[in-house]
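So for the sequence shown, my numbering puts the first residue at 542; every next one is plus one. Glycine residues also receive a C-beta, built at the ideal position from the N, C-alpha and C atoms. Everything numeric in this text was worked out from a predicted model, so none of it was measured. Notes follow once the structure below has been shown.
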Amino acid sequence: MTALQAITFDLDDTLWDNHGVMLRTEEGHYAWLLEALGMWRATRQEAPLALGYEAGLQDYLARRQQFAKDVPERRGDFTWLRLRALEAQLEAEDLPRSAAILWAAAAMNEFHRLRIQVTPHPEAAGLLAALSERYQLAAITNGNIHLKRQPLAAYFPVAIAAGELLAPKPDHTPFLTALAKLDVAPEHAMHVGDSWAEDILPAQQLGMHAVWVSSDDDQVLPPRVHRIAHIKELPAILERLDG
Ligand SMILES: [Mg+2]
């Protein structure tokens, strides 16, 4: 095989566990709401909310699902669904409508604050530091918030926010943009990502090598595609490919 010169990385669920962040965000913003609202009511000599955390979270989910059914054109607009569900829940707890709207908005502010707090896999920084001595590195993400804020930014002299190009993966544009900035031909580059459709297929179609971070071992792998369960297995693949 031809020698690899560059490696491009997806970020979410490749270099960190985004699922864990979503879970902490889901639980964290709701716990914050109940606590902050409880304190606010206490300062006003109002009775504590009858709503408990577990039942409240379940009711919140059920209300989101109901809103998604009732207003199908909004079913993919998750912030809208959450706001309407929280407002309805707080009004059902006898908050005045104006207070329900304000507290729902405050809870969603906390939701977005938690949502961007990602913790890279402990192996990620060491891996990228070692790789950067031998390969040019780039990040290609469909998310646009992580690039500047996330702690691994220093390892990516080239970072492509595909959403800002208005061409999210699986569009080929972000891959071609990264390759042009790196001045590397596709066959000398490898893309590493967790999404079969958004990372692996487009990279493979462009003639890049691709490493799929997945535990799905049923998928038949086309030429130049390799599968690992975790990025810590990447050096072993590179050793096999690149000697
Ligand atoms: Mg991903």
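Nearest candidate by alpha-carbon position, reference residue i, set the options
i: A670; options: V725, L655, P698 and A588; result: P698
i: H662; options: A777, A770, V725 and F716; result: A770
i: Q658; options: P692, Y696, A719 and Y601; result: P692
i: E681; options: S673, A645, E664 and A719; result: Reading the sequence as shown, one finds Ile at residue 681 and not Glu. For I681, the nearest C-alpha among the options comes from A719.
i: A744; options: F716, Q630 and D759; result: F716
i: A547; options: L678, P711, D759 and V562; result: L678
i: F619; options: E634, L602 and L631; result: L602
Residue i in three-state terms, based on DSSP
i: F697; result: coil
i: R553; result: Correcting the residue type first, residue 553 is Asp in the shown sequence and not Arg. Of the three classes helix, strand and coil, the one that applies to D553 here is strand, per DSSP.
i: E657; result: Checking the sequence, you will find Ile at residue 657 rather than Glu. Correct three-state label for I657: coil.
i: L624; result: helix
i: G569; result: helix
i: Q606; result: helix
i: A680; result: strand
i: S639; result: helix
i: D712; result: coil
Counted within 10 angstroms of its Cβ, other Cβ atoms place residue i as buried (16 or more) or exposed
i: T555; result: buried
i: A694; result: exposed
i: V752; result: buried
i: R675; result: exposed
i: T549; result: buried
In DSSP terms, what residue i is bridged to
i: A703; result: For A703, which the question treats as bridged, DSSP gives no partner whatsoever.
i: V761; result: Paired residues: none, contrary to the question.
i: M731; result: I548 and H750
i: I769; result: V754
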